[in-house]
Amino acid sequence: MVVVRTLSAGVALSLPLLAAPVQAQSSGAAAVSRSDIVVAGIAEDDSYAPETAAVAGKTPAPLLEIPQSVSVVTRTQIEDRNLFTIGEAVQTVAGVTVMPFDGTNPDYRSRGFVLDYAYDGVPSTFSSGVPEFDLVIYERLEVQRGPTGLFRGAGSPGGTINLIRKRGQTEFTASTALSAGSWNHYRGEFDIGGPVDAAGRLRIRAVGALQDRDFFQEKSHTRKLTSYVSADYDVTPTTTVGGSLSYQDTKAETPMAGQPAFANQQFLNFPRDSQHLPSWNLFTETAVEYAGEVKQRLGKWSIVVRALHRDIPREFADAFIRPGTGVDPETLTAEYVNRRSRGENGKTAVDAYAAGPFTFLGREHELAFGYSFDKRTTDFQQRSQRSVGRFSIFDADAIPQPGPEFTSGSESDLRQSGFHAQLRLRPLEPLTIVVGGRVSDYTSKSRAIAPSTPTDFRVSQRERGQFTPSVGAVLHLLGDVTLYGSYADIFNPQSLQRSDGSVLDPRVGEQYEVGLKGRFLNGALNASGAVFRSTERNRAVTDLSNPGFFVQSGIATIKGFEFEVTGRPAPGLDLVASYTNVKTEIEAGPEAQVGTVFDIFTPRHQYKFYARYEPAALGRAFGAISASGQSSVVGAGVEGVREQGPFAIAGAQLGWRFDDYLRAFISVNNVFDKVYYQRVGSLNTYNFYGEPRNFLLTLRASY
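In terms of mature numbering (1 follows the signal peptide of the UniProt record, and there is no 0), the sequence shown is residues -24 to -1, 1 to 679.
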């Protein structure tokens, strides 16, 4: 608890420094409402039923006028539900499946594919396994499901998570939170910011969190320190510049990697806390990100340039069961390998655009156009996997550590850029037509570096002038209800070759979607429903006439429907509820695969429910319940042998509000202690049990 006291003390010392100029401006001001926060310089609704989102464009647009499925997790939801990581937040979103990966960096899947990232609208080519920052530095996250190639260029057809950073607010605010729970889980965080000068031209924000925790699996332990500062300055009444610095240091000892399976494909069915990995497994990651923004307002138009640069030095040494093998069911031994790696992931991105309204034929329309550039690099040295022999899975600490020397090195450089434009036309009072396109260039190259024999860069993927269209229409019906339809696509370059030596065309994921959206009870409740069909074409299939080469004849289809309701249907009651039905299938490909499930990790049925109740009749008490469930999945197992059947888990929360500024509550996850697999992996790893019943006590204060 020393950590917690240190964080709280830091906030206390900082309060007078920021509060003084605000008090001089308005000493009798009432407490700032969380429903009117500043997000990227624009006031946004922080309720359970936000009105707008920016993930589908360059500026915030009403959810009712976005012709795609979009969900928003606001800061209020994040704090009410104790969501600490991006994975925990997107797990609450309709149709999203979180896939545990290495204990700290999960995969996120939607509609049969992984989700990509954007940061304040700046697209990212970061992929799974790259560290992301703690949720404490973000004001909200927005998830658009389906292809988002219009502003992204190359990427996944699954959709995009847009992370909106915290910014300095127009009035002083400060908050702290302390948490303690099962498996020695301790966390402290603070958030302080506001105007520095009396005129409010300079606004700053400082955020920090320190988390130290064990896990239900033996030996697993993580310590994570996150800090963030931002500043925005109005150079003139129409010109604002801003910047931020993010830092995160993570140390994961024997990170959670799930359990292996028996060599005969059966689950081990050992206790959930069983650990088959050595205690010397260690992953360390440090992420540093610099971000900047310049915004120039010209009447109703804005010209915005955003840029960011992120460096992630990473190092690990570990041992695990050799891929393709499992545990001998008689001797309970397995063949282990060890390895070591050290290097750095890097990212640089620039996004520039102009957006605003214009009048044509007596009606006002909107246009956004711009350019983006994105570069992702890796530079790593490895000690390749080496077999170290057979060991009992109960004596993993006897496995030798890898030697200090590295045996190979590699460097990669992926770049893409493109020009994009989006037009929102309103030819008739109830009709909005949204049309856009992007022209992209894409290059991926790699080379060997010492201790491998160094080589020159070799281009493995290259595309020039790839066009990505997007079109949609929104019709306003009675009241705040809209009917919409849309088409969107995205491309993903390939490196495999045809028999003539040419590279396969990019895979193209396209989606058709029709839906209804409504905003009810004077904006307190959002509801939406959608039907969608997606197709990914040009998938690589082995050329049977030319072994070692490929043809682009594979097709995967994804079709389904979903419903989502968020907001306040009654006084004191906040609600988030959804149901998703998705069928994925291989439509064309190898004969043995045609008609089989395409995405083995996405359940056919998935539902999520959360309700929080704080009525005046209960005085200062409040509570919440949650339930989520899904149908069966085979994952990387074997149908009928190693798979996860249908399951449901429940959660609950009870709390007490001491006054308008201080509340305490205890959360119980997996109330009925359901035993289930969150992910069904391979023989050697990634059979992840879901968390057993656990508790977390939290104290949240605002000033």
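In this text, a Cβ means the ideal position worked out from N, Cα and C, and glycines have one as well.
Identify whether residue i lies in helix, strand or coil by the three-state DSSP scheme.
i       : result
ALA70   : coil
GLY595  : coil
ILE576  : coil
ARG51   : helix
SER9    : Because SER9 sits at a pLDDT of 36, beneath the cut-off of 50, its placement in the model cannot be relied upon, and the following sentence gives the value as read from the coordinates. Residue state, collapsed to three classes: coil.
PRO(-9) : Confidence in PRO(-9) is poor, its pLDDT being 36 and thus under 50, which makes the residue's placement too unreliable to answer from.
GLU165  : strand
ALA600  : strand
PHE259  : strand
PHE109  : coil
ARG128  : helix
VAL182  : Strictly speaking, residue 182 in this sequence is Ala, with Val absent from that position. Looking at ALA182 - three-state DSSP - the assignment turns out to be strand.
ASP173  : coil
ILE466  : strand
VAL530  : Reading off the sequence shown, one finds Gly at residue 530, where the question assumed Val. Strand, per DSSP.
GLY548  : coil
GLY63   : helix
ALA568  : coil
ALA233  : coil
ALA372  : helix
ASP355  : strand
ASP56   : helix
HIS252  : coil
Across which residues does DSSP place residue i in a beta bridge pair?
i           : result
GLU41       : None, per the DSSP bridge assignment.
LEU675      : LEU154 and ALA640
THR198      : ARG189 and ALA228
residue 693 : Lying outside -24 to 679, the shown extent of the chain, residue 693 is not represented and no answer is given.
TYR665      : TYR653
THR383      : In the DSSP output, where bridge partners are listed per residue, THR383 has none listed.
GLU311      : ARG366
ASP327      : ARG282 and SER348
residue 687 : Residue 687 falls outside the range modelled here, since the chain spans only -24 to 679, and no answer is possible.
GLN620      : VAL609
GLN629      : ALA600 and SER643
GLY218      : ASP208 and GLU269
GLU118      : VAL48 and ASN138
LYS559      : LYS535
Within a Cβ cutoff of 6 Å, which residues of the same chain sit near residue i, ignoring the five residues on either side of it in sequence?
i      : result
SER436 : SER420 and SER471
PHE395 : TYR347 and VAL415
PHE433 : LYS421 and ARG423
SER203 : GLY184 and TYR223
PRO622 : SER607 and SER608
ILE42  : ALA32
VAL281 : VAL270 and ALA328
SER255 : LYS195, THR230 and ASP373
PHE259 : ALA228, PRO231 and PHE292
LEU178 : VAL172 and TYR209
Closer than 7 Å by C-beta to residue i: which residues in its own chain qualify, once you throw out the five before and the five after it? Chain order, please.
i      : result
ASP287 : VAL264, GLU320 and GLY322
PRO445 : GLY413 and ASP465
GLY157 : ASN670, PHE671, LEU672 and LEU673
GLN392 : THR101, GLY129, ALA130, ASP350, SER416, ASP417 and TYR418
GLU381 : ARG359
ALA16  : Any answer about ALA16 is weak, because its pLDDT of 42 lies below 50 and its placement is not dependable; what the coordinates show is given next. For ALA16, where only same-chain residues beyond five positions count, the Cβ hits under 7 Å are ASP96, ILE140 and ARG143.
Would you kindly work out how many angstroms separate the C-alpha atoms of residue i and residue j, rounded to a whole number?
i      : j      : result
ARG316 : ALA228 : 15 Å
ALA603 : VAL614 : 28 Å
THR307 : ILE425 : 42 Å
PRO591 : GLU486 : 45 Å
SER422 : THR353 : 9 Å
PHE467 : GLY441 : 12 Å
LEU638 : ARG676 : 6 Å
VAL552 : ALA174 : 40 Å
PRO430 : GLY302 : 36 Å
ASN660 : GLN193 : 17 Å
SER206 : ARG116 : 16 Å
ASN663 : ALA532 : 26 Å
Taking 8 Å as the limit between beta carbons, can you name the residues of its chain near residue i, skipping five residues before and five after?
i      : result
ARG544 : SER23, TYR24, ALA25, LEU497, ALA500, LEU501, ASP550 and LEU551
TRP632 : ARG596, ALA597, PHE598, ARG639, ALA640 and PHE641
Does the stretch 372 to 382 touch the stretch 331 to 348, meaning 3 or more C-beta pairs lie closer than 8 Å? no
Could you tell me whether the stretch 646 to 657 touches the stretch 668 to 675, where touching means 3 or more Cβ pairs closer than 8 Å? yes
With three or more beta-carbon pairs closer than 8 Å as the criterion, would you say the stretch 577 to 589 touches the stretch 550 to 559? yes
Evaluate contact between the stretch 130 to 150 and the stretch 488 to 496, counting only Cβ atoms and requiring at least three cross-stretch pairs below 8 Å. no
Would you call the stretch 107 to 114 and the stretch 83 to 91 touching, i.e. three or more CB-CB distances under 8 Å? no
Decide yes or no for the touch test of the stretch 503 to 521 against the stretch 533 to 545: beta carbon pairs closer than 8 Å, at least 3 of them. yes
Check whether the stretch 240 to 248 touches the stretch 213 to 221, taking contact to mean three or more Cβ pairs, one atom from each stretch, closer than 8 Å. no
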